Amino acid sequence: MQTVRQLLDSKPNRSLVYVSPDSTVFQALQVMAESDIGAVLVMESGDIVGIFSERDYARRIVLQGRTSAGTKVRDIMTSRVVYVTPQQTLDQCMALMTEKRIRHLPVMEDQTVLGILSIGDLVRATIEEQEQVINHLVHYIQSA
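Numbering (our numbering), first residue to last: 1300 to 1443.
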């Protein structure tokens, strides 16, 4: 079973995308759109203080009648950030995402953010792993 570290190491783009808690929601959305991501870390002085996602936007801006230009990220971000360590398995990450009903997991080691995994990253890795198993089985059957 693949670990979080192995998946992070295989990701082509490992740049850390984040915003300040004092950024406006509009600015955060711009960063997310430019990076083609569905969530962004909220960091202050190198520490994670929250995570802001499209879901936060939909539920706490649109549905509450706020404006994205007039609202700070700190006012609507999710401040209880669930994270994983590099040693955890992808199965553990999937179980955690399912249990917590979240789609993004920051990866932390010794108070340092190493990256972030999305549900898409995990699904892709799982499919690749299953394809490798199938290919090995087909090769084994053909050579038998």
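Glycine included, C-beta positions come from ideal geometry on N, C-alpha and C.
Note that the structure is predicted; figures quoted are calculated from it, not measured.
Inter-residue Cα distance where the pair is residue i and residue j
i: Met-1300; j: Pro-1385; result: 13 angstroms
i: Gly-1364; j: His-1435; result: 54 angstroms
i: Glu-1427; j: Thr-1302; result: 14 angstroms
i: Ala-1368; j: Val-1406; result: 30 angstroms
i: Leu-1389; j: Arg-1423; result: 11 angstroms
i: Val-1318; j: Glu-1343; result: 8 angstroms
Coarse secondary structure for residue i, derived from DSSP in three states
i: Met-1300; result: coil
i: Asp-1374; result: helix
i: Asp-1346; result: strand
i: Thr-1425; result: helix
i: Leu-1315; result: coil
Buried or exposed (CB count within 10 angstroms, at least 16 for buried), residue i
i: His-1403; result: buried
i: Pro-1311; result: exposed
i: Ala-1443; result: exposed
i: Ile-1415; result: buried
Member of the options whose CA lies at the smallest distance from the CA of residue i
i: Ile-1350; options: Leu-1362, Ile-1375, Ser-1334 and Gln-1431; result: Ile-1375
i: Ser-1417; options: Arg-1358, Val-1383 and Arg-1359; result: Val-1383
i: Pro-1320; options: Ala-1338, Leu-1306 and Arg-1373; result: Arg-1373
i: Ile-1401; options: Leu-1315, Ser-1352 and Val-1330; result: Ser-1352
i: Val-1324; options: Thr-1370, Met-1342, Ser-1314 and Ser-1309; result: Thr-1370
i: Ala-1345; options: Val-1316, Ala-1368 and Arg-1358; result: One detail in the question is off: residue 1345 reads as Gly in this sequence, not Ala. When each option's Cα is compared against that of Gly-1345, the closest is Val-1316.
i: Asp-1420; options: Val-1330, Gly-1337 and Leu-1328; result: Gly-1337
Residue range of the beta strand (DSSP E) that includes residue i
i: Ala-1338; result: 1338-1343
i: Gly-1414; result: 1411-1417
i: Lys-1404; result: Checking the sequence shown, residue 1404 turns out to be Leu, not Lys. 1403-1408 is the span of the beta strand (DSSP E), which, as asked, contains Leu-1404.
Span of the alpha helix (DSSP H) around residue i
i: Thr-1397; result: 1389-1399
i: Leu-1328; result: 1324-1334
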